[in-house]
Amino acid sequence: MMTPPTANRLSRPRVVVIASSVEGIDALARLINQLPASFPLPVVAHLHGLQSWSISRLTAIRWRFLSRLEVVYARSGEKLQAGHVYLVPPGEQLLFTSVGIFGAATGRTTLSVDRLFESAARCYRSGVIGVVLSGLGTDGTKGLQAIAQVDGMRVVQSPYEATFPSMPMNALIGDHVQYAVMLDQMGALLADLVADPDSLEVISPEIQAEVERLVLAAQANLTKSLDRSIDDILNVIREDLAMDITFVTKQAGDVVAISHSTPGPGEIRMQGMTHPRHQSLCQRVMDGRLPAVMPDVEALRATHDVPSLPLAVGAYMATPVLLGDGTLYGMLCCLHLAVSRELDQRHYRRLQMSANQIARLVNDAGEK
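Counting from 390, one number per residue, gives the positions in the sequence shown under my numbering.
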């Protein structure tokens, strides 16, 4: 369950800490370049496995002339400033010693990103936002757990679009993540978390209570099928998001099949339909080739490779349904036949919440 923001969080100093590895350098660069020059918090990034020559080269080539934020090395004793990205230099053992101040770590020869996250949690408490991106290994998992203990915010890149999914996947399995988002949606999410935490009331209390009731009823009633329970949730979220059709897709080899769907307007019936993976919007979202939120699908053709569709789709959203062991059950998707320009990150987070509820049902049923 996601922890809502509090007035206590707003009153605290805040910081963003990011974990990646040398293999995830492109993901980090893409995220940093999404943040506006006015981003009001300092950002600290730890990249496991970088060497001095490579971090200098990548900083100069990939960020210095692209990012709207100033990208610099972190230094012991330096006061962190908003609008700056601080990279922990390879070979230096830096931790937060107080709010906005780095100091030298002691006691170990190698600094892990988990220790950096833990020090941020101690100093910033609920004001810390922890992010885990593409990378190899388990770095960041324990650190996010420490951030969860102080009611900080926890975000990971969706492992199903990550080039190297080990780090975000292990964080998800650790069960302390609030948001698992596509990389191209993460900058907007961080901006929302910082600028307007009250907008994170992602779903109305009435709808949340109804979805929770459906999940509990399905758990209690063993004779009720998983399929019917998922259909009930799809109907609730379709009404909440004011979409025409809400559905779940599952991949079967080179084909994507619609396993569950609400009825569409008129004679539209999508359940049971299949189409090749390369023609699937949800597959392209999962692969990172299309954004997860598409208020105007047709307008995207000017900048993205949008496949030809059997149905005229105006607006579209999709998010992964991730099970407790980190495996992908399918994609939860919704569409509107007309363009829906008001579709934004708040709608997307409500869709994610429903994906989490479906995952709970599937976990309880023991299905894959």
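Where a beta carbon is used, it is the ideal one built from N, C-alpha and C, also for glycine. Computed from a predicted model, the values in this text were never measured in an experiment.
Contact between Val-710 and Val-637 holds, with the beta-carbon distance rounding to 7 angstroms and staying under 8 angstroms.
For Ser-743, the enclosing alpha helix (DSSP H) starts and ends at 734 to 754. In its chain, beyond the 5 residues on either side, Ser-508, Ala-509, Cys-512 have a beta carbon closer than 6 angstroms to the beta carbon of Phe-485. When secondary structure is reduced to three states using DSSP, Ala-641 falls in the strand class. Residue Met-556 holds the alpha-carbon nearest to the alpha-carbon of Leu-436 among Asp-733, Ile-619, Asn-752, Met-556. Restricting attention to alpha helix (DSSP H) runs no shorter than 4 residues, the stretch 497 to 565 encloses them at 502 to 513, 530 to 538, 555 to 562, ordered along the chain. Remark: fewer than three beta-carbon pairs, one from each stretch, lie closer than 8 angstroms, so the stretch 511 to 531 and the stretch 663 to 676 are not flagged as touching.
Straight through space, the alpha carbons of Arg-504 and Arg-627 are spaced by roughly 42 angstroms. Nearest Cα to Ala-748 within the set Gln-470, Arg-658, Ile-562, Leu-420: Ile-562. Every alpha helix (DSSP H) of 4 residues or more that sits fully in the stretch 616 to 698 is shown, in chain order, as 670 to 675, 686 to 689.
DSSP, reduced to helix, strand and coil, places Gly-492 within a strand of the structure shown. If you compare the alpha carbons of Phe-428, Glu-412, Asn-422 with that of Val-583, the shortest gap goes to Phe-428.
Sequence-distant Cβ neighbours of Asp-528 in its own chain, meaning closer than 7 angstroms and more than five residues away, are Ala-408, Ser-410, His-437, Ser-501, Val-502, Asp-503, Met-556. Comparing C-alpha distances from Pro-402 to each of Ser-487, Gln-538, Pro-696, Ser-743 shows the shortest one belongs to Ser-487. For Gly-480, there is no enclosing beta strand (DSSP E), as DSSP gives it neither H nor E.
Approximately 19 angstroms separates the beta-carbon atoms of Val-682 and Val-520; this is outside 8 angstroms, ruling out the contact. Exclusion of the five residues before and after Gly-516 leaves Arg-398, Arg-401, Pro-402, Arg-403, Val-404, Gly-541 as the residues of its chain whose Cβ lies within less than 8 angstroms of its Cβ.
By alpha-carbon distance to Asp-573, the top candidate from Pro-654, Arg-419, Thr-663 is Arg-419.
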